[in-house]
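Remarks on the structure that follows.
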Amino acid sequence: MGNPCAIVGIGQTERYKAKIKKSMAGLVREAAQNALTDAGLTWADIDAVVIGKAPDFFEGVVMPELYLADALGCVGKPMLRVHTAGSVGGSTAIVAASYIQSGVFKRVLTLAYEKQSESNAMWALSSQQPFSPHLNAGAGGFFAPIIREYMRRSKAPLDIGCKVALKDRKHALKNPHAHMHEPAENLDLQKYMDAMMLWEPLRFSEVCPSSDGACAMILCNEELAKKSPNKPAWIHGTAMRSEPTMYPWREEVNPQASIDCAKDVYSQAGITNPRKELDMAEVYVPFSWYEPMWLESLGFADVGEGWKLTESGATSLDQGGDIPWNCSGGVLSTNPIGASGMIRFAEAALQVRGMAGDRQVPGAKKALGHAYGGGAQFFSMWVVGSDKP
Amino acid sequence: MREVAIIAYHQTPMVRDAGAKNDVELVMEAVHGAKAQVGFKNTDIDFTCSGSCDYLGGAAFAFVGALDALGAVPPISESHVEMDAAWALYEAWLKIQTGHFDTALIYGFGKSSHGPMHEVLALQLDPYYTQPLWPDQISMAGLQARAMMDAGKLTEKQMAEVVVKSRKNAKANPNAQLKGDYTVEQLLAEPTLSSPLRKHDCPPITDGASALIIATREVAEKVLAGTGKRPVYITGIDHRIESHQLGTRDLTSSMSTRIAGEQAGVKKGKVDIAELHAPFSHQEILLKEALGLDDSTVINPSGGPLAGNIFMSAGLDRIGAVATRIMNGEANRGVAHATSGACLQQNLVAVLEGK
Amino acid sequence: MSDQKPVEIIDSPVYMNYSFAAGRATSNFLRSIKEGKLVGQRSSITGKVIVPPRGSDAETGTPTFEEVELPDTATVIMFTVVYIPIPNSKVQPPFIVANLVLDNSDQTFIHLVSGCKNEDVKIGTRVKAVWRDKSEWGYSFNNIEYFQPIAGEAPVDIDALRAKRLKEVEAFKHA
Chain A
3 MGNPCAIVGI GQTERYKAKI KKSMAGLVRE AAQNALTDAG LTWADIDAVV IGKAPDFFEG
63 VVMPELYLAD ALGCVGKPML RVHTAGSVGG STAIVAASYI QSGVFKRVLT LAYEKQSESN
123 AMWALSSQQP FSPHLNAGAG GFFAPIIREY MRRSKAPLDI GCKVALKDRK HALKNPHAHM
183 HEPAENLDLQ KYMDAMMLWE PLRFSEVCPS SDGACAMILC NEELAKKSPN KPAWIHGTAM
243 RSEPTMYPWR EEVNPQASID CAKDVYSQAG ITNPRKELDM AEVYVPFSWY EPMWLESLGF
303 ADVGEGWKLT ESGATSLDQG GDIPWNCSGG VLSTNPIGAS GMIRFAEAAL QVRGMAGDRQ
363 VPGAKKALGH AYGGGAQFFS MWVVGSDKP
Chain B
2 MREVAIIAYH QTPMVRDAGA KNDVELVMEA VHGAKAQVGF KNTDIDFTCS GSCDYLGGAA
62 FAFVGALDAL GAVPPISESH VEMDAAWALY EAWLKIQTGH FDTALIYGFG KSSHGPMHEV
122 LALQLDPYYT QPLWPDQISM AGLQARAMMD AGKLTEKQMA EVVVKSRKNA KANPNAQLKG
182 DYTVEQLLAE PTLSSPLRKH DCPPITDGAS ALIIATREVA EKVLAGTGKR PVYITGIDHR
242 IESHQLGTRD LTSSMSTRIA GEQAGVKKGK VDIAELHAPF SHQEILLKEA LGLDDSTVIN
302 PSGGPLAGNI FMSAGLDRIG AVATRIMNGE ANRGVAHATS GACLQQNLVA VLEGK
Chain C
15 MSDQKPVEII DSPVYMNYSF AAGRATSNFL RSIKEGKLVG QRSSITGKVI VPPRGSDAET
75 GTPTFEEVEL PDTATVIMFT VVYIPIPNSK VQPPFIVANL VLDNSDQTFI HLVSGCKNED
135 VKIGTRVKAV WRDKSEWGYS FNNIEYFQPI AGEAPVDIDA LRAKRLKEVE AFKHA
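Protein chains in written order, with the working numbering: chain A, 3 to 391; chain B, 2 to 356; chain C, 15 to 189.
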């Protein structure tokens, strides 16, 4: 699709936390500077900036790209701010990719962040709307019923959710950036199964934390990729799909937008069997049960069989699974909402560059980055590879 | 570069208060209107992008509700910027340049009547040093106008002349909110609001929505054949941002507009008309200079934002207003400008031509 | 200066007042619920009934106009048991939040299911609205305090319900 686009720099917040004592400008600059350092570049080498984040209510700053222009070295350059709810980290990367793929720009900085500690994320997500019943259900209250329906259809054993959460938290121990580094004695299945119930079947142990953080990438064209000091990752496909939050008899467990988005990105990347042809995937799983659900929706397993893949250890790096998911620890271990999508995309790129440190899947050459948002209605995905397509 | 043209544009009437109509109902009007102009079904649109601001309506995810106006079943390829829809147009234009899409629908909307506009805009400012002082948008603009006067670049009479012209031009615009015949003397007799600005120097509060469709040359020529309307080609488009800190900028000129105008190729031909997104009267004078326009260019024939300002779509409306006049043959080449942020911090310039 | 701690946090409270437009379609719904009636709107293109109506049939992106009065009985399509309290509410956790579809309509809405043992609620359970006292009625879905399982009615097969409704609405299509 258009001109080839490479990822030559990746930078993240050193350590994601519930509350980072930096200004928003400091937060984004840290991630951006880390990406520039990785790419061996300076601020002057960037032609344009594309930033993304979730609702402005999370920080109380309207259209923060205006305030951040200076911190991101963007004075005199083009600035764009994407907002597609929870999938925004992914969409932002895709928009940034189009800057290069269109041939209009040579090298751009893209970044996504969230500083949820500034405001109150739960309030922002469930602020009482006039005329509607006040349920304070939040995101968990929205997704838990969908998960129950998946469990009913698939007849999955009840401990699958906790097994996913445990796996991702163990993966997180190998990721120095991850928010949750659980002490060894907590990483116990029974402890996870006994944790406080929040929205049945979701327990406290299997939902994402609330994090502050930023993630940045430098994208460039083929010519400039040759000058990169570290190995580039190459984009093999990008896709986005949206559907309404509600419509009559909407299928919510396996949304059509997810299925269509995956088909589109696989078709661009020439993938017919994702489980066999991908070496790993970074998938947006904020509530544990979404791993088996997305395994099915994204074509890694047949409908009704996703939980078997999880149970067999196929998605675990530690257990030597053949299709590790979320080696970074995933959203379950780190969730600055607006950044989480870009972290998935960036971690996938890190893997195929061979730069994922202790969480590296040996020999990874092709990976999927995935993000979703809203009422499981916005999807953005990319496939990246070690080789130019 | 693929040749991309505007083939349709529809705007709802700009009103002080759209009453019980919610965002979805306004967006449906705009989007259906644009699609109807070219007989497009939902499946004729390859990519959709919108611009809006959550804080306008007081609820996170305002743009999600607007999705209900599009008929996104089966699912669509869609994106959104939390910016004026002119930047949504930019994202869509880039998407078509990648070669992966051939047509795109862009829309912007906002009901400024619902919330405390000026307080909302104060939240755009540096959250640590500036916002806690709650400077409102009008006072910030007043600072800029005062700076221009002190530099000898502006008189009160010039400001009033901009307003007189805007309201007069708006008489020919059925969608305009503020229109009529006024004199400079009449306007200067009004009290100042935030000196040197008077109420009429400031943008009105407006509810509304607009939609625009772009397509490649092949599609545009096919769709508009025999309609008497011609495709309006975007021959140049660029945008730039300046420093956020007012004290580090020269408020009497617009560096970002100048650069964007140069990159977009404003000077490559005669500029018949220009629609400038100047929410304040003094800014029209500033922007005219930044773009290097002279008196041979008709400025804001629609009446401009002083005649109606759909916040989050006013920039797209400038592009639509130029496109409409080129499409029906009133002009051949025009410039459209969009702005974001206090005192023209960020600016987009598009050059449009009928061929 | 050396004994002064760096400023790390500032408090910057924001208070904003908004008015909210329900929209033409939702306004009609709210006027009816104030009188104790549930009125949905039918899409002229798909024939499906949406309640509460929001102005558009999201499937097609077209406005809905035809009003359809609906009974206050419904079916549980999905649900969860919530353990987190609602501020300023009598409802004590654990309580059930469910996606319900009113009889003769096609789009789910979220509300409470109560007046029963939580374990007795299943997917497909039949429920009926329990209204607040008439004196408390306003322009709000809160006029219904919760939905209660109907004694004696067995849970229905929701896939069969869906298939039945899709067939029924065929007669109302004007595509």
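Where a beta carbon is used, it is the ideal one built from N, C-alpha and C, also for glycine.
Remember, predicted model here, so these are calculated numbers, not experimental data.
C:Met92 is the residue among C:Met92, C:Ala72, C:Gly50 and C:Val183 whose C-alpha sits nearest the C-alpha of Val115 of chain C. A check of alpha carbon separations from Thr122 of chain C across A:Phe144, A:Arg83, A:Ala373 and A:Ala87 identifies A:Phe144 as the nearest.
Taking 8 Å as the upper bound for CB-CB distance, Lys165 of chain A and Asp320 of chain A are not in contact here, some 12 Å apart.
Across the structure, Gly308 of chain A and Ala180 of chain A are spaced so that their CA atoms are roughly 26 Å apart. Met344 of chain A sits buried, since 16 or more C-beta atoms from the chains shown fall within 10 Å of its C-beta.
Segment contact: the stretch 261 to 280 of chain B against the stretch 318 to 335 of chain B, three or more CB-CB distances shorter than 8 Å; contact assigned. Scanning its chain for C-beta atoms nearer than 6 Å, with the 5 sequence neighbours on each side dropped, one finds around Lys390 of chain A the residues Pro6 and Trp236, in chain order.
DSSP places Leu106 of chain B in the strand class (E or B) of the three-state scheme. DSSP lists C:Val141 as the beta-bridge partner residues of Pro163 of chain C. When secondary structure is reduced to three states using DSSP, Asp127 of chain B falls in the coil class, being assigned neither helix nor strand.
Across the set A:Lys19, A:Ile102 and A:Leu137, the C-alpha of A:Leu137 shows the shortest separation from the C-alpha of Val127 of chain C.
For the pair Asp281 of chain A and Lys368 of chain A, the CB atoms are nearer than the 7 Å cut-off. Neighbours of His125 of chain C in chain A, taken as residues whose beta carbon is under 7 Å from its own, are Pro135 in chain order. Nearest neighbour of Val65 of chain B by Cα position, chosen from B:Gly109, B:Glu354 and B:Thr207, turns out to be B:Gly109. Proximity of Gly54 of chain C to chain B, defined by a Cβ-Cβ separation below 7 Å, is not satisfied. Neighbours of Gly61 of chain C across chain B, judged by C-beta separation under 8 Å, do not exist; the nearest C-beta is about 15 Å away. Among the residues facing chain C, Leu71 of chain B is included, as its CB has a counterpart in that chain under 7 Å away.
Classified as exposed, Gln187 of chain B has fewer than 16 neighbouring CB atoms from the shown chains inside 10 Å of its CB. Look at the stretch 59 to 71 of chain A: the residues with a C-beta under 8 Å from a C-beta of chain C are Gly62. By the rule that beta-carbons nearer than 7 Å mark a contact, Tyr292 of chain A does not touch chain C.
Nearest neighbour of His101 of chain B by Cα position, chosen from B:Asp47, B:Ser167 and B:Lys22, turns out to be B:Asp47.
In its chain, beyond the 5 residues on either side, Gly343, Phe347, Ala373 and Ser382 have a beta carbon closer than 6 Å to the beta carbon of Gly92 of chain A. Here DSSP, grouped into helix, strand and coil, assigns Cys76 of chain A to coil. Against chain C, the CB of Glu26 of chain B has a partner CB under 7 Å away; the residue lies at that interface.
Contact annotation: in the stretch 75 to 102 of chain C, residues whose CB is within less than 7 Å of a CB in chain A are Met92, Phe93, Thr94, Val95, Val96, Tyr97, Ile98, Ile100 and Pro101.
Fully enclosed alpha helix (DSSP H) runs of no fewer than 4 residues occupy 140 to 156, 162 to 174 and 191 to 196 of the stretch 124 to 202 of chain A, in order along the chain. By the Cβ criterion, the stretch 48 to 56 of chain B is in contact with the stretch 109 to 121 of chain B, since at least three pairs of Cβ atoms, one from each stretch, lie closer than 8 Å.
For Phe43 of chain C, the enclosing alpha helix (DSSP H) covers residues Arg38 to Lys48.
Taking C-beta atoms under 8 Å as the contact rule, Gln379 of chain A and Ala197 of chain A fail to qualify, at a distance of about 29 Å. Leaving aside the five residues that flank Thr156 of chain B on each side, none in its chain has a CB nearer than 6 Å to its CB. Going by C-alpha positions, Leu225 of chain B is about 17 Å away from Leu353 of chain B. Sixteen is the threshold: since fewer than 16 other Cβ atoms of the shown chains lie within 10 Å of the Cβ of Arg17 of chain B, the residue is exposed. The Cβ atoms of Ile286 of chain B and Gln145 of chain B do not sit closer than 7 Å to each other. Pairing Val28 of chain C with Val96 of chain C, the inter-Cα distance amounts to about 30 Å. In terms of beta-carbon proximity, Met29 of chain B lines the interface with chain C, with at least one pair separated by less than 7 Å. Counting only Cβ-Cβ distances below 7 Å, Lys23 of chain A has contacts in chain C at Glu22, in chain order.
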